[in-house]
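6 protein chains.
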Amino acid sequence: MSESGHYRPEAGMDVPRFAGIPTFMRLPHRRLAEAQGVDIGIVGVPWDGGTTNRPGARHGPRQLRDASTMIRLVNQATGVRPFELVRCADLGDAPVNPANLQDSLARIEDFHRRLVEAGITPLTVGGDHLITLPILRALARRHRPLALVQFDAHTDFYDAYFGGERYTHGTPFRRAVEEGLIDPGKVVQIGIRGTAYDGEDVRWARAQGARVIMIEEYYDRGPAWAMEEVRRIVGDHPCYVSFDVDALDPSQAPGTGTPEIGGIFTHDAQRMIRRLAGLRLVGADVVELSPPFDPSGMTAWVAANLLFELLCVLALARGGGPARRDAGV
Amino acid sequence: MSESGHYRPEAGMDVPRFAGIPTFMRLPHRRLAEAQGVDIGIVGVPWDGGTTNRPGARHGPRQLRDASTMIRLVNQATGVRPFELVRCADLGDAPVNPANLQDSLARIEDFHRRLVEAGITPLTVGGDHLITLPILRALARRHRPLALVQFDAHTDFYDAYFGGERYTHGTPFRRAVEEGLIDPGKVVQIGIRGTAYDGEDVRWARAQGARVIMIEEYYDRGPAWAMEEVRRIVGDHPCYVSFDVDALDPSQAPGTGTPEIGGIFTHDAQRMIRRLAGLRLVGADVVELSPPFDPSGMTAWVAANLLFELLCVLALARGGGPARRDAGV
Amino acid sequence: MSESGHYRPEAGMDVPRFAGIPTFMRLPHRRLAEAQGVDIGIVGVPWDGGTTNRPGARHGPRQLRDASTMIRLVNQATGVRPFELVRCADLGDAPVNPANLQDSLARIEDFHRRLVEAGITPLTVGGDHLITLPILRALARRHRPLALVQFDAHTDFYDAYFGGERYTHGTPFRRAVEEGLIDPGKVVQIGIRGTAYDGEDVRWARAQGARVIMIEEYYDRGPAWAMEEVRRIVGDHPCYVSFDVDALDPSQAPGTGTPEIGGIFTHDAQRMIRRLAGLRLVGADVVELSPPFDPSGMTAWVAANLLFELLCVLALARGGGPARRDAGV
Amino acid sequence: MSESGHYRPEAGMDVPRFAGIPTFMRLPHRRLAEAQGVDIGIVGVPWDGGTTNRPGARHGPRQLRDASTMIRLVNQATGVRPFELVRCADLGDAPVNPANLQDSLARIEDFHRRLVEAGITPLTVGGDHLITLPILRALARRHRPLALVQFDAHTDFYDAYFGGERYTHGTPFRRAVEEGLIDPGKVVQIGIRGTAYDGEDVRWARAQGARVIMIEEYYDRGPAWAMEEVRRIVGDHPCYVSFDVDALDPSQAPGTGTPEIGGIFTHDAQRMIRRLAGLRLVGADVVELSPPFDPSGMTAWVAANLLFELLCVLALARGGGPARRDAGV
Amino acid sequence: MSESGHYRPEAGMDVPRFAGIPTFMRLPHRRLAEAQGVDIGIVGVPWDGGTTNRPGARHGPRQLRDASTMIRLVNQATGVRPFELVRCADLGDAPVNPANLQDSLARIEDFHRRLVEAGITPLTVGGDHLITLPILRALARRHRPLALVQFDAHTDFYDAYFGGERYTHGTPFRRAVEEGLIDPGKVVQIGIRGTAYDGEDVRWARAQGARVIMIEEYYDRGPAWAMEEVRRIVGDHPCYVSFDVDALDPSQAPGTGTPEIGGIFTHDAQRMIRRLAGLRLVGADVVELSPPFDPSGMTAWVAANLLFELLCVLALARGGGPARRDAGV
Amino acid sequence: MSESGHYRPEAGMDVPRFAGIPTFMRLPHRRLAEAQGVDIGIVGVPWDGGTTNRPGARHGPRQLRDASTMIRLVNQATGVRPFELVRCADLGDAPVNPANLQDSLARIEDFHRRLVEAGITPLTVGGDHLITLPILRALARRHRPLALVQFDAHTDFYDAYFGGERYTHGTPFRRAVEEGLIDPGKVVQIGIRGTAYDGEDVRWARAQGARVIMIEEYYDRGPAWAMEEVRRIVGDHPCYVSFDVDALDPSQAPGTGTPEIGGIFTHDAQRMIRRLAGLRLVGADVVELSPPFDPSGMTAWVAANLLFELLCVLALARGGGPARRDAGV
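Residue numbers (the working numbering), protein chains in the order written: chain A, 729 to 1057; chain B, 729 to 1057; chain C, 729 to 1057; chain D, 729 to 1057; chain E, 729 to 1057; chain F, 729 to 1057.
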């Protein structure tokens, strides 16, 4: 396993975790051109040009890198040791253009297309939720359509804002369905809540076959049930996971642009992600972390831990054979 | 419904929710003299002269107006569309006098008396909890005595502070019982907790017949049970609802003067308010939001959502006929 | 003067300044269609789509309205009583589109064009500095080209960002010169500083004839000298004033997207604005207030005071005849 | 000097300055009944019932005690060693009643009367500025009328608020003149600024003979000149010093209820207080520190240092003979 | 009970709780030499020299004293009135040396040794978790080995950091076992979670016989079960309780150096501590409160309440006979 | 200059400045073993084990890296383009040991010794001020004794703390004189102020021949004079520059452990550093930035700019020949 050793974090027992240049989880930084051999690439997308409400998610990757240096090597709850299963690296940030929405989408897609072509599984840190659209476009070259597991307070299935804007952080999954990137019959959304404009988004999504689990149903039936629902619907279809931090309760994740009260608690979020083990995961993201609204840094710390949980299940999916999987759940 | 259309919020899909002059829920502002035809009037009372501990609730209405522009039109959990059921307006702030307690009580009562006389149901934003006393005085001209449902960490049934001060935010309901404004046999308090001076307040309240649900009993039996208790006790008596944000857990509502740990979680608070539907509600308030202790603004956001939940059940109560009620729960 | 009385703030001696719905300086809110008779209209532009660095200026108008309710009626330093000189109103926010840059520029221009056509002098609150471009376009229908007095840490005379983006908050005055909206020979910039990309912006501006006063020269010669320079260059040309809060020292104005250390102190800024009295001012703005980076709210408080100083000199310019001017400086 | 040794701070070289129970400057705590032999007593008045705007000054004494444990023993600029000149103690807080204005004034006066009768010079920490009125009443039993040196952004010479309230933090000095406690011809106010209601306060004060130094004059002539003015006017009259922290620039003292931009800088404030040496000082206070608006604690730190500067000049005044004075300036 | 009256808090009904010099729970301050007759001594240890990650726990005692003045006299949930059962005092801070780890351990041990010799039960406020080691050394002179109930996110059973440092806040309990201070077969740890270095700490602890309850097991079986486990293992052995605030969920206790998401909620923590009643408790601590990471002060407020809960069960243990115990649970 | 191109920052016009992995000034990261050819190496020392008061400087390098990505390429005030004059790199953090003071000093010295041996000029970011001692030890192998220019509120010339601790952040320069690392006759300290323990530090320093410029003298004579004094005393002796951020006024640099009011303003600090051009500088540092006390991040932003100013004068010193110097001042 010496080879993958180059793709492991620095150890906190040797160098204090607050020291050093903050890459994601203290992994080595590799530019995309040097990333051959990497299995899972953690990527930042510092862009919030699709945000209709409070901005700041452009600062998410920077802050999450900072917080993630606190992460250690082993998932104590499941025993998974992702850095022994696969080779990981921080691939830096995708290029973006703060002053041009469509150009940004093209740049983000292109960056992820190169990852996919290099055989690297992307684990992306946003940025607002519109960044998932170009990632899905990139992945769709290989897997089309994808299943989707989405943790979120909002469906992001709106059609348009402000009299015709079809590309905002409230619309990516409507576009993804229209473009055939995801299979609406294999979409599960968990945590939807808050006051509504008029509910058209939910009606449309359900009409397409999507499974929208409102927070009320989630509270009544519980997270274990929700994940059974996920496994039932997704099956062994290639699947993408998108975690919008506003799925969480604002007391645990205030640093986001559009918080909604009465959300998911972190310990349940951790457990739900762990139950994605065994699915055929081909990519994942954590989005909508907005540092300007996170003065204590706690949301970044939460997001870093969820990023690690996602990394663990991606590593299991990527790690392949039963031998490696034995090391995990 | 075109008439009530003048009393609806601006739509967030047209004008971004962070834009514009912040009235409560982006409703039209009507001065009391112009408010004929309004069914439910949202009123601010920017006053904290009854506060014995940390001040700041005088800034509550301003901050809550700001946060409330994030509220949309439909209660996604219940389907209630309050702005289609009734005509709502922001009636501005009741006049207050920061340097004179009794004069302030008189001004607040007078303002609410005019509302009641105009047939408007008051939904008031404090201010400290002493403001509920003059509101009850105003309502008592029509309904006397009232039932009371109170969400709170403290009974506010104390007799006096600091050697004889009988009017503080810890005494309003003792005065209200003494003045015959509320029927102690029809009072239910939920969430009482924290260290105690000596427990005399609880003993007195129970001796009068009030139902004081301590947080321990609440945790053991659950919010659904608590609301059954409310419905059993209140029945179809005219009822006022007072929501002190310190009822909530301080992790979700730090912005209050006298927080107590181990409180009610917001999702349960939402559900409990929704179960007030069907009661004969004649007014409600949200009090004790103290912005100086709410640096992230999260408490205001929580309070804005609870204000909306209260508006929904008031709208159902006010909305009257079965036809309208069909639109709701 | 009873007529203009309808356009005066509520008095803080009657209603506490923290009470009520926060319009700019507690002025009456008038929709543009109802604004006939208004002399100076204060307008918000809640938009930061041109921001290349830290966002948040979209929240500027809301926060500045809140802070501005602390402003009283009289300029104690100069004796000017703007609300007795002219009729003022809060005209609300110009419509914007967070997801579309060019559409936003068009909407902002259109809103200001209607003001100009109604004979109203605009005093605008941003928003990022790109909003000044559409305001200048609107004003240019009447005055073309304009003189410009700009307080700023940056020239905003860049040509393009990110490989070709010609419309950002770093480029408005380059575009304004190219479009003939301002006369570069009548531009004075005060406070320019910070590290530079390569200095091309300053060289270009100077080549066009602009007077760029670097902070070093400002410190060596002083604010009184700087304003003599302004008066010498601008003369009696129709003149626009743009105040970017990043001109100020970050200790006094941290709430901005691109702070630069070693800036202008507020007392000098106040004095410099007062010395604009007598110029032929046709509009002004305060921009780049970013509330997410202003946790204490102090920047908003500073900006509200500078807005009042600008209002005073606009009122003098607008007030016209010697009689009114006697009431002032 | 062994006797006074019991009235000296703990040494930071022995016990870290962040350790221990925070009395003012780590002085011994003495209840008033045990305070015989104390020369200067530092007293807290945790009360803000006279506040017409943002509250919180009731928390001032607590926070200032905390910050003041950072103060060391020697005034490095002047060489004064106050704890060697006089016996100092923390006398705790005066009793107050948050729910009763007049009762609070009576309690504060009574507490200070007992100090004065015990021959102790009071150095008081507020609390809002209304607390100075009962202190002056207590001191007036011995010295009547007093001279007054006041550092402040506001004259606090208003007559009444909110339609007749004559006792607020904006009125103490009007009352003090009316009651004959201070000699208006021996009042000097430094730092007055900000927008005005209508300027009646300044006109009234000047009509009584008070010297109101507006901030503009202060900036033009400088702090050394201002203190010459003080010495010229006060002469050897018994004199009280009142330092309202809003005299300072808000960048250095944001934690106050009614900040005004463009204020006095701390290094000038320090120097001005030092130039009070030689006056016949009989008491002093630091007021209007509002911790809820001071998240970084910097205002408390500033106030603690100014409290120490006041202590030094009080100690010189109290210390008496030339021998002791030789140890000082 | 008049004698113990001298060891009771000041009453909040008489003196506002924000007033006065902040001792722990407003108890009288007694220096160790004057503490004869005290039953339970609350002690601060302002030291964080063993911290491997984010520092600041040295400021814990100061901030916790401040917050604890909000605590009232009676445990409303259990009816325990600790100040009537036993004599309590604030014994000040143990001496520490910020620049010398071993000297600090010696000083802390010596201070607690003197308490133990005086027959005082220590209730200590940290400081980082390494301070528990010298406390155990002091207690071990009387009780050896001790049982230990530890609420914590981390086992603190590591062997060494940074290449050989055997004394850090991650190692105290390994040292305590090695030194024979605690009986590993009578150790129960609750709340362990977070990513792991490699899990050696847990393996070692379990090999020694310690009961490590991971958070997953805690969530599956619940707090009541966990406390049954405690009572089963500890029995009537002399027992020490150590509460590391990072055991709590970071949404409720952000102010700590090494937070881990998905923790224990405060209402369960309160209930678990209450179920320690009846154990033979000989001391307790609350550690790892780090005020610099607690801007809202909420963690201190939580810690103050848990300190009170610990005081109640210590008072019951100390209070002795059945008569007194009747007053409690 | 293509070779040095590899050692230049990424351009903010291409990649937004909030994007990417934050190295110092977006320079390439080079491990020490790969640093051949580097002229100036920026190094972090994340350690605060010498701190006697408020900790947190261990987090300084991380936060300063984050803030420094805002720095552009050219010093607009002087025209210096450091990245064209010399080859710069981020050399990462020196190894430290949070739990062992002397081991940390040895590690820091060893790291800097290797830099010096590789011919690299160190520009170091602390960490508390004790880190300067091992840096001076490393540099003394080549230059012995050194001249020292120190910007600071404190002399750091104390002998010992807490009864004998000779190595704290208050003692480095006493040790450095004793060890012959610096020539006390060539030491200039600027900005010394604040209350004093007893002044022994200043007396000792002056007795050794050091020039201690107290803040009062600085204010009276001005920064230009102070720098003339520096040039007169240092001459062409090899010189080290140490900038403690507590030299600055706390309004501009609150994020430090031991702030003192009435400090140096940033624009004067910038100008003073620029006047070091021409001295024979062999190294420099910026220390005592404590992020936990810098919630707005403004101190880091200030420190990043001063780091750039220091880099410019080091680059001039290092850049050598007149040709290169022509590119500069």
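Ideal Cβ positions, reconstructed from N, Cα and C, are used throughout, including at glycine. Quick caveat, the model's predicted, so the values are computed rather than measured.
Beta-bridge annotation (DSSP): C/Gln917 is paired with C/Gln878 and C/Val940. C/Trp775 is classed as buried because its beta carbon has at least 16 other beta carbons within 10 Å across all chains shown. A buried status is given to D/Glu1037, since no fewer than 16 other beta-carbon atoms sit within 10 Å of its beta-carbon. In the three-state DSSP reduction, E/Tyr735 falls in the coil class, being neither helix nor strand. D/Leu792 has a beta carbon lying at 8 Å or more from every beta carbon in chain B.
Annotation for E/Ala761: no beta strand (DSSP E) segment contains it, and DSSP assigns it neither H nor E. Put simply, the backbone Cα of A/Pro912 is about 36 Å away from that of C/Thr779. It is roughly 35 Å from the alpha-carbon of D/Asn1033 to the alpha-carbon of E/Asp974. If you draw a straight line from the Cα of C/Arg1003 to the Cα of D/Arg959, it comes to about 33 Å. With fewer than three CB-CB distances shorter than 8 Å, the region 897-913 of chain C does not count as touching the region 831-840 of chain A.
Listed in chain order, the positions of the region 810-838 of chain A with a beta carbon within less than 7 Å of a beta carbon of chain C are Asn825, Pro826, Ala827, Asn828 and Leu829. Note: C/Asp1013 is bridge-paired with C/Thr852 and C/Ser970 in the DSSP secondary-structure output. Interface flag for B/Thr751 against chain C is set, since a Cβ pair is found closer than 8 Å. Sequence-ordered contacts of the region 766-788 of chain B with chain C read Gly772, Pro774, Arg786 and His787 [C-beta pairs closer than 8 Å]. The C-beta distance from B/Ser1018 to B/Gly985 rounds to 5 Å, short enough to meet the 8 Å contact threshold.
Against chain F, a Cβ distance below 9 Å from D/Pro1023 picks out Pro1023. Its chain contains Gly985 and Thr986 as the residues whose beta carbon lies nearer than 6 Å to that of A/Asn781, once the 5 sequence neighbours on both sides are disregarded; these appear in chain order.
The beta carbon of E/Pro862 lies closer than 7 Å to those of Leu833, Ile836, Glu837 and His840 in the same chain, with the five residues before and after it left out.
Nearest C-alpha to D/Phe752 among E/His871, E/Leu755, E/Gly748 and E/Arg754: E/Gly748. Inclusion of D/Leu1039 and D/Leu792 in the CB contact set at 8 Å is not warranted, their separation being larger than that value. Judged by DSSP secondary structure, B/Leu819 falls within the beta strand (DSSP E) whose first and last residues are Cys816 to Asp821. Linking E/Glu1016 to F/Asp831 through their CA atoms gives a straight-line distance of about 25 Å. Residues of chain B with a Cβ closer than 9 Å to the Cβ of E/Gly740 are, in chain order, Thr780, Asn781, Tyr889 and Tyr925. Residues of the same chain with a CB within less than 7 Å of the CB of C/Pro873, apart from the 5 flanking positions on each side, are Gly908, Leu909, Ile910 and Asp911 in chain order. At a cut-off of 8 Å, the C-beta of E/Ala805 has a neighbouring C-beta in chain B.
E/Val853 and E/Trp1029 have their C-alpha atoms roughly 13 Å apart. Comparing C-alpha distances from C/Ala805 to each of C/Arg999, C/Asp794, C/Asp1013 and C/His882 shows the shortest one belongs to C/Arg999. The bridge partners DSSP lists for B/Val802 are A/Ala924.
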